[in-house]
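Number of protein chains: 2
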Amino acid sequence: MKSQEELEDLREQVAETTSQIVKLVAKRDGLARRIGEIKTKGALPMESDSVEDALYRRVLQECHDLGLDERLGTKLLGMLISESKKAQGIKSGLVPITPMMMMAKAKEIESQGKALIRLDVGEPDFHPPKAVIDAVSKALYSFKTYYTVGRGIPELLSALQGYLQRKYSYRPAENQLMVTPGGRFAVYAALATALSEGDSAIVIEPNWPAYREGIDYVGAKAITLRTSLEDGWEASPEEIKESIRPNTKAIILSYPCNPTGKIISKASFKEIVGIADDAGLTVISDEIYNDYAYKPCPTILDDLPKKYVLTSSFSKAWSMTGFRVGYALAPPETVSKMLKVLGLMITCVPEFIQLGAVKALDCDKEVARNSKAIKARIEAVSKELDKIDGLEYDKPDGSIYVFPQAVDKRFDSSAFAMELIEKKGVTISPGTGFGDYPRCFRMSLGQPEAKLVAGVRKIGELLR
Amino acid sequence: MKSQEELEDLREQVAETTSQIVKLVAKRDGLARRIGEIKTKGALPMESDSVEDALYRRVLQECHDLGLDERLGTKLLGMLISESKKAQGIKSGLVPITPMMMMAKAKEIESQGKALIRLDVGEPDFHPPKAVIDAVSKALYSFKTYYTVGRGIPELLSALQGYLQRKYSYRPAENQLMVTPGGRFAVYAALATALSEGDSAIVIEPNWPAYREGIDYVGAKAITLRTSLEDGWEASPEEIKESIRPNTKAIILSYPCNPTGKIISKASFKEIVGIADDAGLTVISDEIYNDYAYKPCPTILDDLPKKYVLTSSFSKAWSMTGFRVGYALAPPETVSKMLKVLGLMITCVPEFIQLGAVKALDCDKEVARNSKAIKARIEAVSKELDKIDGLEYDKPDGSIYVFPQAVDKRFDSSAFAMELIEKKGVTISPGTGFGDYPRCFRMSLGQPEAKLVAGVRKIGELLR
Chain A
1 MKSQEELEDL REQVAETTSQ IVKLVAKRDG LARRIGEIKT KGALPMESDS VEDALYRRVL
61 QECHDLGLDE RLGTKLLGML ISESKKAQGI KSGLVPITPM MMMAKAKEIE SQGKALIRLD
121 VGEPDFHPPK AVIDAVSKAL YSFKTYYTVG RGIPELLSAL QGYLQRKYSY RPAENQLMVT
181 PGGRFAVYAA LATALSEGDS AIVIEPNWPA YREGIDYVGA KAITLRTSLE DGWEASPEEI
241 KESIRPNTKA IILSYPCNPT GKIISKASFK EIVGIADDAG LTVISDEIYN DYAYKPCPTI
301 LDDLPKKYVL TSSFSKAWSM TGFRVGYALA PPETVSKMLK VLGLMITCVP EFIQLGAVKA
361 LDCDKEVARN SKAIKARIEA VSKELDKIDG LEYDKPDGSI YVFPQAVDKR FDSSAFAMEL
421 IEKKGVTISP GTGFGDYPRC FRMSLGQPEA KLVAGVRKIG ELLR
Chain B
1001 MKSQEELEDL REQVAETTSQ IVKLVAKRDG LARRIGEIKT KGALPMESDS VEDALYRRVL
1061 QECHDLGLDE RLGTKLLGML ISESKKAQGI KSGLVPITPM MMMAKAKEIE SQGKALIRLD
1121 VGEPDFHPPK AVIDAVSKAL YSFKTYYTVG RGIPELLSAL QGYLQRKYSY RPAENQLMVT
1181 PGGRFAVYAA LATALSEGDS AIVIEPNWPA YREGIDYVGA KAITLRTSLE DGWEASPEEI
1241 KESIRPNTKA IILSYPCNPT GKIISKASFK EIVGIADDAG LTVISDEIYN DYAYKPCPTI
1301 LDDLPKKYVL TSSFSKAWSM TGFRVGYALA PPETVSKMLK VLGLMITCVP EFIQLGAVKA
1361 LDCDKEVARN SKAIKARIEA VSKELDKIDG LEYDKPDGSI YVFPQAVDKR FDSSAFAMEL
1421 IEKKGVTISP GTGFGDYPRC FRMSLGQPEA KLVAGVRKIG ELLR
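If you're matching them up, the sequences are chains A and B in order. Each residue of the first sequence is one higher than the one before, starting from 1 at the first, in the working numbering. Each residue of the second sequence is one higher than the one before, starting from 1001 at the first, in the working numbering.
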């Protein structure tokens, strides 16, 4: 019975310690509130990364000294910091208008019978390859309509191996690959695997909102590195190095960039990957637009770091957005973790769709045709944009977008986008969807040239 | 400059308080380790729910007194408890063999050219309705191959409204509905919306492993309520009421049950829903097998509680597993939250698949045919099972499974399943995939009657 008494005593101590922790958290909350008041009164900047970083370093050191799991320390501190931000009255960003929200609005207007020029969602207007549709239909009539294993059917994994070998002279092992319901899920699963709550990940902005959404969802923090039109939409490797914080676990790279169309040099890419690798980060390289590249485009496969995830999709190059099929390439142990996430949520991608994707990998001709068409559209749209005085832009190196910026420093692209739909029947995606870019907006080139030109002219008319 | 000094001072206090918190967490860890040692020495039970519950109540009370967010308190305590379990050496459950793992193994063996009798994965062998295949193929050739809005296409939402009206005399508003990539995603999104880290949810076992997987994934704890063959696989409303803990936010109900085939009475269901509703829980009712019900089956739509999510799918009744399409029905604000999860991860379900689902809702004849076939298979398999002395079972009220239990109390269904594949070429799912049921195994009835009978006979042979 002695051990029972000791147990009771220890349990009481645990409860007491828990109480003390809660009280300290409340005390910390009160301190944060007072900090917020002082900052507001003195009009001082609300967030302070250097203060946070010092805290992270101190907590990590203490975990080390006390023999506590560092992940527990990071998570705990992440929780305390986000709590004190709430207490200080720091709002976690406004909800910007994303391309998907614009699409929903456009579809609503169209359903009322109104015709629009759709420059919003990032979706090519090309038909998917006929061979793909034939293959999917044939698979349906052959009853390829049952569950498959989560990783993907062997035919598609093997077709991807051949395709990557042919394209990049890199042949992944089968266990480095997995099929996903779209590139979006590949990105989410990569983030969910690389990051834990309280961690952070670097995103170079402007960029696709899904990166920040995914980072937020897993309870991590996005470190956004702002690039600008004035700097040619390029982040310097030094800036990236400086932005790495004690809790940073990943960086997302994506070239050609959505929305700017920027492609950085292979040398810069290599340097950035090297910096990330040295810092032990996972490099997530989203290469979905790599068939729409009009100058040499780097790929993570050129020189793999220790931790990497390549994400891609059949959506853009083959114009198969609505099929929801993509893939990821990563070290086998990373793929295993990502497969758990996929298995938990969606079991598998439909087999008949996977059989369509197998066929797509043979459709080089259609990919080349689509790529050529987008290049011509970039030229045509650029020519029209050059005529508009109020806009400046960098001619895209690739992707399927142009991202102009208003010369007027007070320009509000969200208000402009709304006015543009109403008065001119043209949809665009406001720049705030991609980062802190109220003066910019994204035009998707997923429309025939004549429509694009007409759209840009209408934009010019409204701007005047 | 005075406010600057005060700021510095406050920041120092924040850092100091953070340190104290970390030190207390480490102290708590040490206490937990000693508790673990005493328990091991004294062979005392490792987990103690009542101790945890008392802690939850104390922390919630303190949050209330100190003006701290209760969710922060729950999350913090959840973190501390899972940390002290690690310190005590409590393992978070072995990884059991799930039906999906058995499927992967079976597919591997089949790919080597060996024929198997597949009683593992929960998938009917029926063909999907021809009208569905025709509709999907037609949609593909009409280029319904682009993005749609996340909630689902209007045609499918409206078809679902009509279907539910016809079937249950309940017509949901459009904003109570959403289309999902399979029932599995509907369940995940429901759990992700109802639960936060540190919360708990009640699962009546044996049950589909996806429930526990989803609860674990969102950082919550599954409270498993064990039912037994001896009690007719039925949990009493009193037991359910007693199992509700201070941090419990949801309960999952699913009738007909996978794997037992149990259907509880409408009165019991109503009583349980009432208890959950009184406790403020979200009732997640997975009604995927409701077309395979051979006695009156309750539905959440009979009497909706305040917080509810109905999840269902086209997979089973229409034999459309490989299409990955399902739906959820919940209050509009819950659906909004679930849509954010879906939008973040997968954008939308392919439009051509949704158009197939629209057609499925007209295929009552095929559903009735499938249901009749399963009923006949239950009869045939039961007759065979009756001949095997070493097994006992409850004849299923519905679903597409039978869940026999070995009379031998030392029976290990995982080892048996492996021997059964090797020696007899028959696959089953071990009972431990569905909870603490090493003596049981699940047989799926998704095979023609003759094969099922042959499979059961081979099981009988190996048992002897």
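Glycine included, each C-beta is placed from N, C-alpha and C at the ideal position.
Item to check | Segment contact flag, the stretch 1316-1330 of chain B with the stretch 1367-1385 of chain B, C-beta cutoff 8 Å, min 3 pairs | outcome: yes
Checklist entry - Does any C-beta atom of chain E lie closer than 8 Å to the C-beta of leucine 76/A? => result You won't find chain E in this structure, because its protein chains are A and B.
Next on the checklist: For proline 1246/B and arginine 1057/B, which I take to be in contact (beta-carbon distance under 8 Å), what is that distance rounded to the nearest angstrom?
Outcome noted: Residue numbering aside, residue 1246/B sits at position 246 when the second sequence is read from its first letter. Residue numbering aside, residue 1057/B sits at position 57 when the second sequence is read from its first letter. Yes, proline 1246/B and arginine 1057/B are in contact; Cβ-Cβ is about 5 Å, under 8 Å.
Checklist entry - Which of the residues in the stretch 1345-1379 of chain B, read from start to end, lie with their CB under 8 Å from any CB of chain A? => result Met1345, Ile1346, Thr1347, Cys1348, Val1349, Pro1350, Glu1351, Phe1352, Ile1353
Next on the checklist: I want to verify the contact list: residues of chain B whose CB lies under 9 Å from the CB of phenylalanine 126/A, in sequence order.
Outcome noted: By one-based count along the first sequence, residue 126/A stands at place 126. Simply none; closest approach about 10 Å.
Checklist entry - Under a Cβ-count criterion, where at least 16 other Cβ atoms within 10 Å of its own Cβ denotes burial, should leucine 1199/B be classed as buried or exposed? => result The count along the second sequence starts at 1 and reaches residue 1199/B at position 199. Position check: residue 1199/B holds aspartate in this sequence, whereas leucine was assumed. With 16 or more Cβ atoms within 10 Å of its Cβ, aspartate 1199/B is classed as buried.
Next on the checklist: Determine, for glutamine 176/A, whether the minimum Cβ-Cβ distance to residues of chain B falls below 8 Å.
Outcome noted: Your numbering for residue 176/A matches position 176 in the first sequence. Closer than 8 Å: no.
Checklist entry - Would the stretch 454-464 of chain A and the stretch 383-395 of chain A be scored as touching if the rule is three or more Cβ pairs under 8 Å? => result yes
Checklist entry - arginine 1439/B and glycine 1431/B: beta carbons closer than 8 Å? => result Walking along the second sequence from the start, residue 1439/B turns up at place 439. Walking along the second sequence from the start, residue 1431/B turns up at place 431. Contact flag set, yes.
Next on the checklist: I'd like the span of the beta strand (DSSP E) that includes isoleucine 21/A, first residue to last.
Outcome noted: Residue 21/A sits at position 21 when you count from the first residue of the first sequence. It is not in any beta strand (DSSP E) - isoleucine 21/A instead sits in the alpha helix (DSSP H) that spans 2-42.
Checklist entry - Just to confirm, are valine 1309/B and threonine 1282/B a CB contact at a threshold of 8 Å? => result Reading the second sequence from its first residue, position 309 is the one you call residue 1309/B. Reading the second sequence from its first residue, position 282 is the one you call residue 1282/B. Yes; because the gap between Cβ atoms is below 8 Å, this pair is in contact.
Checklist entry - Going along chain B, which residues have a C-beta under 8 Å from methionine 443/A? => result Stepping through the first sequence from its first residue, residue 443/A is reached at position 443. Within chain B, no residue comes near methionine 443/A; the closest Cβ sits about 17 Å away, beyond 8 Å.
Item to check | Whole-angstrom C-beta distance between isoleucine 1117/B and glutamine 1447/B, which should lie under 8 Å | outcome: Translated into the one-based positions of the second sequence, residue 1447/B becomes position 447. Translated into the one-based positions of the second sequence, residue 1117/B becomes position 117. Correct: roughly 7 Å between the Cβ atoms.
Checklist entry - Excluding the five sequence neighbours on either side, which residues of its own chain have a C-beta within less than 8 Å of the C-beta of serine 1414/B, listed in chain order? => result To locate residue 1414/B, count along the second sequence from 1; it is residue 414. Closer than 8 Å at Cβ, skipping near neighbours: Pro1096, Ile1097, Pro1430, Thr1432, Pro1438.
Checklist entry - DSSP puts lysine 1221/B in a beta bridge; with which residues? => result Position 221 of the second sequence, counted from the start, is the residue given in the question as residue 1221/B. Answer is Ser1200/B.
Next on the checklist: Quick check: what's the CA-CA separation for valine 1407/B versus glutamate 1230/B?
Outcome noted: Here residue 1407/B corresponds to residue number 407 of the second sequence, with the count starting at 1. Here residue 1230/B corresponds to residue number 230 of the second sequence, with the count starting at 1. Roughly 12 Å between the two C-alpha positions.
Checklist entry - So which residues of chain A does proline 1181/B contact, with C-beta pairs closer than 7 Å? => result Along the second sequence, one-based indexing puts residue 1181/B at 181. Those within 7 Å of proline 1181/B in chain A are Pro181, Ile346.
Item to check | Cα-Cα separation between phenylalanine 269/A and methionine 338/A, rounded to whole angstroms | outcome: Translated into the one-based positions of the first sequence, residue 269/A becomes position 269. Translated into the one-based positions of the first sequence, residue 338/A becomes position 338. C-alpha separation (whole angstroms): 25 Å.
Item to check | Distance between glutamine 354/A and leucine 191/A (C-alpha atoms, nearest Å) | outcome: Stepping through the first sequence from its first residue, residue 191/A is reached at position 191. Stepping through the first sequence from its first residue, residue 354/A is reached at position 354. Their backbone Cα atoms lie some 24 Å apart in a straight line.
Checklist entry - Could you check where the alpha helix (DSSP H) with methionine 1320/B kicks off and where it finishes? => result Position 320 of the second sequence, counted from the start, is the residue given in the question as residue 1320/B. Counting along the chain, methionine 1320/B falls outside any alpha helix (DSSP H), and DSSP gives it neither H nor E.
Next on the checklist: Against glycine 73/A, what residues of chain B qualify as contacts under a CB-to-CB distance less than 9 Å, listed in chain order?
Outcome noted: The residue given as residue 73/A occupies position 73 in the first sequence. Ordered by position in chain B, the residues that pass the 9 Å Cβ test against glycine 73/A are Val1022, Val1025.
Checklist entry - Taking Cβ positions only, does threonine 1145/B come closer than 8 Å to chain A? => result One-based indexing of the second sequence puts residue 1145/B at position 145. Closer than 8 Å: yes.
Checklist entry - Distance, Cα to Cα, lysine 1086/B vs leucine 361/A? => result The count along the second sequence starts at 1 and reaches residue 1086/B at position 86. The count along the first sequence starts at 1 and reaches residue 361/A at position 361. The alpha-carbon atoms of lysine 1086/B and leucine 361/A are separated by roughly 47 Å.
Next on the checklist: Along the chain, where does the beta strand (DSSP E) containing aspartate 389/A start, and where does it finish?
Outcome noted: Residue numbering aside, residue 389/A sits at position 389 when the first sequence is read from its first letter. Neither: aspartate 389/A is in no beta strand (DSSP E) and is coded neither H nor E.
Item to check | the stretch 217-232 of chain A: positions lying closer than 7 Å to chain B by Cβ | outcome: Tyr217
Item to check | Start-end ranges of the beta strand (DSSP E) lying completely within the stretch 136-214 of chain A, minimum 3 residues | outcome: 177-180, 200-205
Checklist entry - Which partner residues of alanine 1250/B appear in the DSSP bridge assignment? => result As a working mapping, residue 1250/B is identified with position 250 in the second sequence. According to DSSP, which records beta bridges pairwise, alanine 1250/B is partnered with Ala1201/B, Thr1282/B.
Checklist entry - In three-state DSSP terms, what is valine 325/A? => result The sequence position of residue 325/A within the first sequence is 325, counting from 1. The answer is coil: DSSP assigns valine 325/A none of H, G, I, E or B.
Next on the checklist: Just to confirm before moving on: does the CB-CB distance between serine 1084/B and alanine 1043/B stay below 8 Å?
Outcome noted: Mapped onto the second sequence, residue 1084/B falls at position 84. Mapped onto the second sequence, residue 1043/B falls at position 43. Not in contact: serine 1084/B and alanine 1043/B (Cβ atoms no closer than 8 Å).
Item to check | Below-8 Å beta-carbon distance, methionine 100/A vs any chain B residue | outcome: If you number the first sequence from 1, residue 100/A lands on position 100. Yes, methionine 100/A lies at the interface with chain B (some Cβ there is under 8 Å from its Cβ).
Item to check | CA-to-CA distance, glycine 455/A to aspartate 397/A, given in whole angstroms | outcome: Here residue 397/A corresponds to residue number 397 of the first sequence, with the count starting at 1. Here residue 455/A corresponds to residue number 455 of the first sequence, with the count starting at 1. Those two C-alpha atoms are separated by around 21 Å.
Next on the checklist: For phenylalanine 185/A and arginine 1457/B, I'd like the C-alpha separation in whole angstroms.
Outcome noted: Within the first sequence, numbered from 1, the residue matching residue 185/A stands at position 185. Within the second sequence, numbered from 1, the residue matching residue 1457/B stands at position 457. Between phenylalanine 185/A and arginine 1457/B, the C-alpha separation is close to 44 Å.
Checklist entry - In chain B, which residues lie less than 7 Å from alanine 34/A when you measure between Cβ atoms? => result Residue numbering aside, residue 34/A sits at position 34 when the first sequence is read from its first letter. For clarity, residue 34/A is arginine in the given sequence; the question names alanine instead. Going along chain B in sequence order, the residues near arginine 34/A (Cβ under 7 Å) are Leu1010.
Checklist entry - arginine 151/A to isoleucine 400/A, Cα distance in whole Å? => result Taking the first residue of the first sequence as position 1, residue 151/A is located at position 151. Taking the first residue of the first sequence as position 1, residue 400/A is located at position 400. Taking the straight line from one Cα to the other gives about 29 Å.
Checklist entry - For serine 467/A, which residues of its own chain have a beta-carbon under 6 Å away from its beta-carbon, when the five flanking residues on both sides are left out? => result The structure shown does not extend to residue 467/A, since chain A spans only 1 to 464, so no value can be given for it.
Next on the checklist: Check for me: the beta strand (DSSP E) holding leucine 339/A runs from which residue to which?
Outcome noted: Here residue 339/A corresponds to residue number 339 of the first sequence, with the count starting at 1. Segment 332-346 is the alpha helix (DSSP H) holding leucine 339/A; no beta strand (DSSP E) there.
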